[in-house]
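In this note's numbering, the protein residues as written are 9 to 234.
Glycine included, C-beta positions come from ideal geometry on N, C-alpha and C.
All figures in this text were calculated on a predicted structure; none of them were measured in a lab.
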Ligand code: ADE
């Protein structure tokens, strides 16, 4: 998969994409992530990318031209399944959306700033608008990094059997059951004996019950949806 990220702060992605699973996926050539500085597409001598909003509302709006030129440049070289704008008024990111996007070949992620981007970009180029939750971030960069992580770890070949995404929370509409490792006894806090029983069937049954009980207690809305 190829992911192109349009941003005015490309440096914000350096650390999140240089560690752990995304780093490995890049090294294995399973994903290519390209960062594009929207300012490089500004035709203005000050390299500006924003302007006052029509209607007199306070706050600046990102202008059409640099974003349009950047998207059109990319579209002249690649075909994209989705051009996604990260925005608090998009559809809320869920595991099912990450699953669906992980099957894409190429996607563009557009990060906004200030009061947002000129509506005409949204009307003409954007195919999907995603929010990572009901709160407002300073810009779309952190949201784009979250979305990228959620997608890349689901791509075939990225996780091995041990870290398989199939047992993640949300993957089957349930939260994950509790997990334990050594020591067996930490200051009197013991690992549930069933996990040491060696009885695979009983262990799976216990884990399913725990997952169900935890979901019912913490996120009953997930059970209602399922
Ligand atoms: N940009 C600002 N806030 C955001 C959010 N909650 N989700 C996605 N993009 C954003």
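Quiz item: Opposite residue 69 in the DSSP bridges: which residues?
Solution: 59
Quiz item: Where does residue 81 fall in DSSP's three states?
Solution: helix
Practice problem: Would you mind giving the Cβ-Cβ distance between residue 93 and residue 134, rounded to the nearest angstrom? I have them listed as a contact below 8 Å. | Solution: 5 Å
Exercise. Taking 8 Å as the threshold, find out whether the region 164 to 182 comes into contact with the region 21 to 33 through three or more Cβ pairs.
Key: yes
Quiz prompt | Spatial distance of residue 97 from residue 131 (CA atoms) | solution = 14 Å
Practice problem: Quick one: measure Cβ to Cβ for residue 117 and residue 152, integer angstroms, because I've assumed they're closer than 8 Å. | Solution: 4 Å
Exercise. To the nearest angstrom, report how far apart residue 148 and residue 195 are at their CA atoms.
Key: 44 Å
Exercise. In angstroms with no decimal places, state the Cα-to-Cα distance between residue 11 and residue 197.
Key: 45 Å
Quiz item: Is any heavy atom in the ligand ADE found nearer than 8 Å to the beta carbon of residue 24?
Solution: no
Practice problem: Could you work out which residue in 183, 172 and 209 is closest to residue 234 when comparing CA atoms only? | Solution: 183
Exercise. Kindly give me the distance between the Cβ atoms of residue 58 and residue 71, rounded to whole angstroms, as I take these residues to be in contact under 8 Å.
Key: 6 Å
Self-check item: Host alpha helix (DSSP H) of residue 104 (start-end)
Solution: 103 to 109
Practice problem: Consult DSSP for residue 208 and reduce its assignment to one of helix, strand or coil. | Solution: helix
Quiz prompt | Spatial neighbours of residue 205 in its chain, beta-carbon cut-off 8 Å, leaving aside the 5 residues before and after | solution = 211
Exercise. Please confirm whether any heavy atom of the ligand ADE lies closer than 8 Å to the CB of residue 166.
Key: no
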